[in-house]
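Have a look at the structure below, then the notes.
Numbering (full-length UniProt numbering), first residue to last: 1 to 719.
Okay, here's the thing in structure tokens:
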């Protein structure tokens, strides 16, 4: 390749066209990041020129470097205007043209004719030698920007309203206003002409760019990837697009036809819009490509390696380009349609509950892998079974407040398992895979674990609002057994405490005075005391006594909280509350409803039973590998014998406290022997009431709560 440092006068002075290939990204520069800083650089040089003699050929102050552009020269028939394809640098070339045209517009109205002409020749070719009217422009942008470019460069008419928001049109408007404001001195034509001349000289001769002309055999893609320049960062998808279409061009394919058929939609504003991903905002197209690569490659793809992973995938497999583009376009359409699935469909539920409410977007490659399967390869029943299994796994773990750190690796392993099996068995494979997980970071919580967690959990404080609202919505949908009751539970309702947090104000006379107020303050945050309302009850209504009679007797209005719940909501879960508590809503009612709703949640998110002795979810292979002493514990549990752990039963019966926090070492001191290895390795061990230790604890009237394998401690609470 050949590299030269040229001024705009040298770059644009001849009859030449710089054509941006249609597969390049659209124009994306902005005022804050590029236009304003560039204009500051330009008018500073012009002001330096004004401080000395101004004229063509006068001594020059230091030039301003604009960066580099890379050009590829296709064959041009004799007699035609020379053409250069812009491999890199189209943003600065387009910006420079817009600024030159804006300056020419100001010069033609307020400056000398020589200066206007000096700028015009850098913007337009001679129309007499351009058979195509568009060839008059020195720079011709990619197709998405062409209409706005034509409108902006036609200074005789206003830009149409539908194009005013285009970055191209806004850039031209910015430079026109900035130049006019700086150059035009009211009531002083001589100073205005001098300032415009200084600006024209600056734009023609005092800016420079490194122009790299490729020669036959040069790898345009490698140069495109490695050049660093001041400008808007390239999206990973921009690099991928350039790689794909450069490869297609090298294979002699019709790049225009491929672009229009498969990629044009991916250049739309929807795909380039930045959306939240964790704490970052990333263009939607890059997020999709990341998920797409994970789905195909079945390994983690860091955000900063999206392009590299795609390039390596393309090079290693050397697949045909058109099938790759067709696949990307098809999967992009599936991804874009995720929000449009009916709310009560399996896909709609999974997308809302797992990806949105639980904020587990990492499972998206799994969802895409299922949805892209043709109907003949994967039935709806098997697809929905797979979605239901993973949804249950995710939500049960969230309810039990188990770690989510290993989900990305689990999804990759699950994708590999699905790839190794027939698509038609996806549901069975997913369910079996999740049931077989034994690590604490991957276990599928049992019904007992879910009920245990919800019974003691202050859900209002422990769960994020979106997750808690989703649980209550799911309970409402479960109650709506008549599927004609559409569209299911409304979204975005307000979470309401049935017994108010300010219960001391109006509720105390109707509640049991012997219950510890601190315990009640915790109890009112449990699931059984929470519901949804269509409209937020104002504090005066929300805190009223339960019944109308109590409210009236205390002169707090004609209606109590019970009536207000009905008035502000048509939800079945509120009808259930009103029905079960006609006279009183108290601590016992909260506990009763919590237990009931916990069971309902295990019915909504089913976990297939897996009958294994002792350790609830150990795979058979792992069970076979247990030490002899531990197998003896399994056997004694199966036969119902608990004598091995009788010391803990006797010790617990002698305790007077209701809550006993114990370290594993303290338990071993009581037992006079070591705990089985499973107690230290597998969290479900502590919640299985059928193993020997569980039976011994239960026989004393206690149950484990809040086991922590890392800290090696467990809290035993009285049943």
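We put the CB at the ideal spot given by N, CA and C, even for glycine.
Closest Cα partner of residue i within the set the options
i	options	result
residue 140	103, 123, 18 and 32	18
residue 192	109, 699, 574 and 548	109
residue 584	101, 595, 573 and 550	550
residue 28	316, 292, 238 and 333	238
residue 645	660, 661, 669 and 658	669
residue 458	399, 418 and 362	399
residue 607	407, 240, 94 and 397	397
residue 393	5, 471 and 434	434
residue 129	704, 675 and 16	16
residue 401	452, 416, 609 and 366	452
residue 709	678, 700 and 339	678
residue 96	82, 149, 580 and 713	149
residue 588	543, 523 and 414	523
residue 176	505, 302, 350 and 105	105
residue 235	304, 211 and 570	304
residue 94	44, 50 and 169	169
residue 593	477, 65 and 456	456
residue 410	421, 442 and 660	442
residue 413	298, 663, 445 and 464	298
residue 116	100, 127 and 131	100
residue 268	183, 143 and 155	143
residue 183	174, 133 and 195	195
residue 86	70, 134 and 80	70
residue 213	533, 466, 281 and 2	2
Enclosing beta strand (DSSP E) for residue i [first to last residue]
i	result
residue 213	207 to 213
residue 455	Run containing residue 455: none in the beta strand (DSSP E); it sits in the alpha helix (DSSP H), 447 to 456.
residue 796	Any property of residue 796 remains undetermined from this structure, which presents the chain solely from 1 to 719.
residue 348	No beta strand (DSSP E) contains residue 348, which is instead part of the alpha helix (DSSP H) from 346 to 350.
residue 2	2 to 6
Beta-ladder partner(s) of residue i, from DSSP
i	result
residue 140	19
residue 88	70
residue 466	DSSP output for residue 466 lists no bridge partner at all.
residue 705	715
residue 531	496
residue 64	207
residue 83	17
beta-carbon residue i near the ligand MN non-hydrogen atom, thresh 7 angstroms
i	result
residue 160	Of ligands this structure carries none, so the ligand MN is not represented either.
Residue range of the unbroken alpha helix (DSSP H) whose run includes residue i
i	result
residue 430	426 to 435
residue 411	407 to 420
residue 45	36 to 50
residue 573	572 to 580
residue 180	167 to 183
residue 522	517 to 523
residue 510	Run containing residue 510: none; DSSP gives neither H nor E here.
residue 391	380 to 399
residue 548	548 to 553
residue 403	Unbroken run through residue 403: none, as it is neither H nor E.
residue 164	Neither: residue 164 is in no alpha helix (DSSP H) and is coded neither H nor E.
residue 505	503 to 506
residue 374	Residue 374 -> no alpha helix (DSSP H), and no H or E assigned at all.
residue 563	561 to 567
Would you call the segment 598 to 609 and the segment 559 to 569 touching, i.e. three or more CB-CB distances under 8 angstroms? no
Can we say the segment 421 to 432 touches the segment 489 to 498, given the rule of at least three CB pairs closer than 8 angstroms? no
Where are the alpha helix (DSSP H) runs, 4 residues long or more, that stay fully inside the segment 91 to 141, in chain order? 113 to 120
Fully enclosed by the segment 251 to 326, which beta strand (DSSP E) runs are 3 residues long or longer? 274 to 277 and 280 to 283
Within 8 angstroms, do at least three Cβ pairs link the segment 148 to 162 to the segment 110 to 119? no
With a threshold of 8 angstroms, are at least 3 pairs of Cβ atoms found where one atom belongs to the segment 119 to 136 and the other to the segment 7 to 15? yes
Looking at C-beta atoms only, is the number of pairs between the segment 347 to 354 and the segment 280 to 299 that lie closer than 8 angstroms three or more? no
Taking contact to mean at least 3 C-beta pairs separated by less than 8 angstroms, is the segment 376 to 387 in contact with the segment 323 to 339? no
Pick out the complete alpha helix (DSSP H) segments inside the UniProt domain "DUF7662" (645 to 715), 4 residues or longer, and give them in chain order. 646 to 653, 664 to 671, 677 to 681 and 692 to 699
Does the segment 199 to 211 come close enough to the segment 240 to 259 to have 3 or more Cβ pairs within less than 8 angstroms? no
Do three or more CB pairs link the segment 379 to 390 to the segment 340 to 347 at distances below 8 angstroms? yes
Flag this pair as touching only if the segment 645 to 664 and the segment 692 to 706 have three or more C-beta atom pairs under 8 angstroms; answer yes or no. yes
May I ask you to verify whether the segment 274 to 283 touches the segment 305 to 314, counting CB pairs closer than 8 angstroms and requiring at least 3? no
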